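Asks:
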Amino acid sequence: MSAVQGLERWHRAMADGNDAASLGPMIAEDAVFHSPVVHTPQKGRPIVTAYLAAAGQTLANDSFRYVRELVDGDTAMLEFETEMEGIHVNGVDIIRFDADGAILDFKVMVRPLKAVNKVWEMMAAQLERDRAS
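With this note's numbering, you'll find the sequence shown wraps up at 152, consecutive numbering, no jumps.
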């Protein structure tokens with residue numbers, strides 16, 4: 020399965036609410052997540068699922084939209100825009116898929132600095148809420 024098929028699964032998961040139940044099956048057991056605000060890579064399906072689900076709860080609001088998508092072999096780059104509490108966020112998801120279309124590596128980059136700070140603030144709060152429940 021190519022990145023094209025993996026992206027189809029990703030977009031369906033996003034449309035279905037980007038929750039852990041829809042994300043878990045599409046993330047490889049040894050997947051790695053690279054956050055724009057956490058210095059060390061987060062490794063393994065449970066933590067990658069938690070980060071992506073939290074991102075879905077914070078970033079994927081009514082203003083979220085992908086504005087560009089590039090695919091090359093097993094890798095896809097998706098540029099996104101959203102607004103968080105009045106702050107414009109521009110970012111890029113770089114996703115590498117395995118042969119079965121599962122996510123192996125997911126890197127997020129965000130700009131400008133004001134947006135990075137807002138993402139950090141809101142993601143930390145969402146992850147804390149998720150841990151508490």
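For glycine and all other residues, C-beta sits at the position ideal for the given N, C-alpha and C.
None of these values were measured; they are calculated from a predicted model.
1. Leaving out five residues on either side along the sequence, give the residues of the same chain with a beta carbon under 8 angstroms from the beta carbon of V67.
2. Identify whether L132 lies in helix, strand or coil by the three-state DSSP scheme.
3. By a C-beta neighbour count over all protein chains shown, 10 Å radius and 16 as the cutoff for buried, is Y70 buried or exposed?
4. Just mark K133 as buried or exposed, buried being the case when its beta carbon has 16 or more other beta carbons within 10 Å.
5. What residue ranges within the region 37 to 94 form continuous alpha helix (DSSP H) runs of no fewer than 4 residues, ordered along the chain?
6. Looking only at C-alpha atoms, which of M142, E147, D149 and A151 sits nearest to V18?
7. Please identify the residue among A22, R64 and R130 whose C-alpha is closest to the C-alpha of V111.
8. Determine the extent of the beta strand (DSSP E) in which G110 is found, giving its start and end residues.
9. How would you label V127, buried or exposed, when you count the other beta carbons within 10 angstroms and need 16 or more for buried?
10. Pairs of beta-carbons, one from the region 23 to 37 and one from the region 101 to 108, closer than 8 angstroms: are there three or more?
Replies: For this structure:
1. Result list for V67: I46, A50, V51, F52, Q61, I122 and F125, in chain order.
2. Of the three classes helix, strand and coil, the one that applies to L132 here is helix, per DSSP.
3. Buried.
4. It is exposed - the Cβ of K133 has fewer than 16 other Cβ atoms within 10 Å.
5. Look at the region 37 to 94 and you find these whole runs of alpha helix (DSSP H), each 4 residues long or longer: 39 to 42 and 64 to 77.
6. Beyond the ends of the chain as shown, which are 20 and 152, falls residue 18; an answer cannot be given.
7. Closest by C-alpha distance to V111, out of A22, R64 and R130, is R130.
8. Looking at the DSSP string, the run of the beta strand (DSSP E) that includes G110 is I106 to F116.
9. With 16 or more other Cβ atoms within 10 Å, it is buried.
10. Verdict: no, contact absent.
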